[in-house]
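Chains A and B are the protein sequences, given in the same order.
For the first sequence, counting from 1, position 383 maps to 389 in the working numbering; every step adds exactly one.
For the second sequence, counting from 1, position 58 maps to 106 in the working numbering; every step adds exactly one.
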Amino acid sequence: MKNTISISPLTRIEGHLAVHAKTEPTSNSKNKKEAKVSEAFCEGELFRGFETILTGRDPLDAQQITQRICGVCPTPHGIASVQAQEMAYGIKPTHNGRLLQNLILAANYLHSHILHFYQLSALDFVDVKAVLQYKGKDRLLISLKQWIEEALARKDVFPAAPFLPRYEVSYVKSLDVNVSLLAHYVQALEVRQLADEMAAVFAGRVPHSTALVPGGVTQVPTLERIVSYGARLKKVTEFVEYVYVPDLLEVAKVFPQYFEIGRGRDNFLSYGVFPMDENGSKFIKSGAVIGGKWEALDQENILEEVGYSRFSQSSGRHPKDGQTIPEAEKTNAYSWIKAPRYRGQAMEVGPLARAMVNYLDPSETWIKNEVNAFLAAAKVPAEKLNSVLGRHVARGLEALWVAKQADKWLGELEVDGPPTRDFTIPKTASGYGLTEAPRGALGHWLSIDNYLIKNYQCVVPTTWNCSPRDDKGQPGPIEHALVGTIVEDPAQPIEVARVVRSFDPCIACAVH
Amino acid sequence: MSQYSRREVLKLGALLAAGLGLDSTYSAVFADGLQKLSTGQARVLWLQGMSCSGCSVSFLNSNEPGPVDILTSMISLLYHSTISAAQGADAMRVIAETIASNDFILVLEGAVPTTMPEACTMGGKTLEAILVPALKNAKAIAALGTCASFGGIPAAEGNQTGAVGLKTFMEQKGISFQNRLVNCPGCPVHPEEVWGTLAYIVSKGYPAVDPKLLTPNMFYAHSVHDNCPRFHYWEKEIFAKHFGDEEGCLFKLGCLGPLSHTSCPRRQWNSGVNWCIRAAAPCIGCTSESFAKKRDFPFYRKGEASHPVNYKESERKEVTS
């Protein structure tokens, strides 16, 4: 269709997403093809029905089943679920239980943030073909170069798949920068794997931890396990500090315009994450920012609308009374993702949202100091954080904060001390768990009747970010951030893809 | 030949066989298969249906060969939605041309919706519309994970989409699956099962499988219970009573080890750093056909003392058969 851009499927994210944009011509006389996005639509293309599948089941099934909503971020679902159950059962984790849950979640952050920058996003910026000019001695780069050369020589149908084909657009031009980023793409595969091994040391295995239970985890933290986690954490932390964060700055130098592109509304939401004590204070705090103004979080302000979503229940329900009734052919609906709103507003969630909520929190200081130090060093004004590069930078900085804090939690563990505590499931109860997945605010709402799950609803990070229009017609955060994006070649809309990927969408999560 | 020397490939084949507790004849078969994979003789089309990408992440957690080798030398991965640089129309073109070439192994991760085909679409097409020609043309088909194998959680009681595993879908569509479809269950699948299965198919063809479940006998013959390191507690009837108990068989906490046929006790998880039973976590039976399917068949027996609606032993055995 004329004046329409579609990226369907939008790959290198988790899951099934199509992005459609209406465009208008620009007045650029040098590039007649150039277009500007005037309206955008995010279409979640999957529905499995986890919430309905959960009803009528034993509540303890929930932390196992909900982890399977997403294989990239199962741990946060497990945490949200055990927190909802802990509230319903009237228990709190043991000292070790809290720390071990934090350490497992920290490992998931590191795996996910590293995966996002290198495996998911980097190919939008790096020129893979540059490796063919590589003359150095790095074993992995030589291996990659030979492999591409051989594939080309064999005349494979799609040589060097899955790295090619790609949009043939403007990538990094410097051979040195390309080669260094590609070497780190390869290195990141191994470092990400180490992060998953860290999680498994205390979680039994990942993805889909079996050791996570209400009250903590099933496994005692022995000295051997603490050392095993710590040795891997050291390597991952070094990678984040000396490779990942510097690479972000390198990409920012080549593509500074992406501090201007993909600006959101200045609406941010954080539920807070990583409990620091029994009383609920958190390492990264909760809060909401609406139109640039901070306020305290109140989960009662969350509603889910479905005017443009493929569901037939009444719109605007709080998740504690939420419903999920699919209607595949609903008129005007264009997505399997619901439209959650906070006080009627579409809210961005994720590392940038966490940073901004904490930056603007009048009582908070440490994140503000960290962000200010980065901004001063990078010579970037604070208002430019709300952008494609701002989201990448916030993610990288957060990876470093979490890695360094994980080392402190490791030191606070009581060796061989109790990893969990006993509980009984009451006949009737309700609870909710609010945490933060790597890609944003995650809430589970649970009610129990006759010892079984009566209702279970999840409002997931990408449900917020990739939401379609709400009943009033307000576009979701990504839909809004895309408006105004200049696309050089509408047949290869890399600019649209870069904006969408900066949010780190996870569609299996969003649709659940 | 690629940069993989004969010696390196033999080593990887031996590691794979040893990790899975298989004898030395398998190491040569795996080595031969891995070499063919690495020289582009087997092209893989990896599609995701109603999935969570957990099996993909698990595959990237492969230890020998490692994730770098997976992407840069060991496999011609023509398309994978989480990894491919191709997007939009390019991605759909790669999928369509691969299917038309008839020269590929199809890997599916995730279940297939049958009563609500719109519940999973890609590039404006239903999964079903893409899958039917792919299943007809593929040289071999691997269903990775419990969703693709048996439907898994998307097919659990109360689902609204009619989700099924690949064997049921192929039966419904009248597509032949005998000696073509291999099921590799696990939620997620273990990377060694993926490598072992792909390498075996490429080297020797269709493996010996369970006639009903279509799971390769080399990986799925024994239950977790059979090889459990806590089996001695079971024999002495010493049972763990609470989560976190370091001693005792986990059976009375709900352990489904007797139902779960897999190599977990041998090769463990995440490069061997841990696995469920070692972490004192009851097995939840994630490789079994019945995994998560029934509302009244919970993972844990923790709730049993406090409410009477839980299953009885007789029901557990019924599900086993």
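The beta carbon of each residue, even a glycine, is placed where N, CA and C say it ideally should be.
{"query": "Any 3 or more C-beta pairs closer than 8 Å across the segment 145–164 of chain B and the segment 184–193 of chain B", "result": "yes"}
{"query": "Residues of the segment 237–258 of chain B whose Cβ lies closer than 7 Å to any Cβ of chain A, in chain order", "result": "none"}
{"query": "Which of helix, strand or coil DSSP assigns to C303 (chain B)", "result": "coil"}
{"query": "Cutoff 8 Å: R314 (chain B) Cβ touching any chain A Cβ", "result": "no"}
{"query": "Which of helix, strand or coil DSSP assigns to S50 (chain B)", "result": "Since pLDDT at S50 (chain B) reaches only 45, below the 50 mark, its modelled position is unreliable, and no value is offered."}
{"query": "Rounded C-alpha distance that separates F123 (chain A) from A113 (chain A)", "result": "16 Å"}
{"query": "Cβ pair H238 (chain B), A269 (chain B) closer than 8 Å", "result": "no"}
{"query": "Integer-rounded CB distance, given that A345 (chain A) should sit under 8 Å from S315 (chain A)", "result": "6 Å"}
{"query": "Sub-8 Å separation of A167 (chain A) and S124 (chain B) beta-carbons", "result": "yes"}
{"query": "Coarse secondary structure for H122 (chain A), derived from DSSP in three states", "result": "helix"}
{"query": "Residue nearest to K39 (chain A) in terms of C-alpha spacing, selected from A:Q498, A:H518 and A:C512", "result": "A:Q498"}
{"query": "For W415 (chain A) and F267 (chain B), the rounded distance between their alpha carbons", "result": "38 Å"}
{"query": "Run of the beta strand (DSSP E) containing A191 (chain B), from where it starts to where it stops", "result": "A188 to L192"}
{"query": "Nearest candidate by alpha-carbon position, reference P474 (chain A), set A:L23, A:T17 and A:Y177", "result": "A:L23"}
{"query": "Neighbouring residues, chain A, relative to M170 (chain B) (Cβ below 7 Å)", "result": "P15, H22 and E51"}
{"query": "Residue of A:I373, A:P496 and A:T468 minimising C-alpha distance to E485 (chain A)", "result": "A:T468"}
{"query": "Backbone CA spacing between S22 (chain B) and L126 (chain B) [nearest angstrom]", "result": "What the structure shows of chain B is the stretch from 49 to 369, and residue 22 (chain B) is not part of that stretch, so it cannot be assessed."}
{"query": "At least three beta-carbon pairs within less than 8 Å, the segment 197–214 of chain A to the segment 101–117 of chain A", "result": "yes"}
{"query": "Outcome for Y248 (chain A) when other beta-carbon atoms lying within 10 angstroms are tallied against a minimum of 16", "result": "exposed"}
{"query": "Proximal residues to G396 (chain A) (C-beta, below 7 Å), its chain only, five neighbours per side dropped", "result": "F265, L358 and K390"}
{"query": "Beta-carbon proximity of G446 (chain A) to A90 (chain A), cut-off 8 Å", "result": "no"}
{"query": "Where M218 (chain B) falls: helix, strand or coil (DSSP)", "result": "helix"}
{"query": "Contacting residues, own chain, Cβ-Cβ under 8 Å from Y359 (chain B) (five flanking each side not counted)", "result": "Low confidence applies to Y359 (chain B): its pLDDT is 41, below 50, so where it sits in the model is not reliable, and the reading given next is rough at best. Taken in chain order, the residues that qualify are D344, F345 and P346."}
{"query": "Contact list for the segment 212–225 of chain A against chain B, Cβ threshold 9 Å", "result": "V212, P213, H214, S215, T216, A217, L218, V219, P220, G221, G222, V223, T224 and Q225"}
{"query": "Validate contact between the segment 289–298 of chain A and the segment 265–280 of chain A using beta carbons, cut 8 Å, 3 pairs", "result": "yes"}
{"query": "Span separating the alpha-carbon of K365 (chain B) from that of F287 (chain B)", "result": "Note on K365 (chain B): pLDDT 35, under 50, position unreliable in the model; no value is reported."}
{"query": "Residues in the segment 33–50 of chain A having any Cβ partner in chain B nearer than 9 Å", "result": "E49"}
{"query": "Below-8 Å beta-carbon distance, E145 (chain B) vs any chain A residue", "result": "yes"}
{"query": "Anticipated Cβ contact below 8 Å, Y348 (chain B) with D64 (chain A), distance rounded", "result": "7 Å"}
{"query": "Interface flag, W153 (chain A) vs chain B, CB-CB below 8 Å", "result": "yes"}
{"query": "Cβ-heavy atom distance, F509 (chain A) to the ligand PLP, below 7 Å", "result": "For the structure depicted, the ligand PLP is absent and the ligand set is empty, with no information on it obtainable."}
{"query": "is_contact[S12 (chain A), chain B] using C-beta, thresh 8 Å", "result": "yes"}
{"query": "Reduced DSSP secondary structure (H/G/I, E/B, other) of H26 (chain A)", "result": "strand"}
{"query": "Contact set between T216 (chain B) and chain A, taken where Cβ atoms lie within less than 8 Å", "result": "Here the premise fails: no neighbours, minimum Cβ distance about 16 Å."}
{"query": "Backbone secondary structure at D455 (chain A) - three-state DSSP", "result": "strand"}
{"query": "Separation of Q152 (chain A) from S508 (chain A), as counted between CA atoms", "result": "31 Å"}
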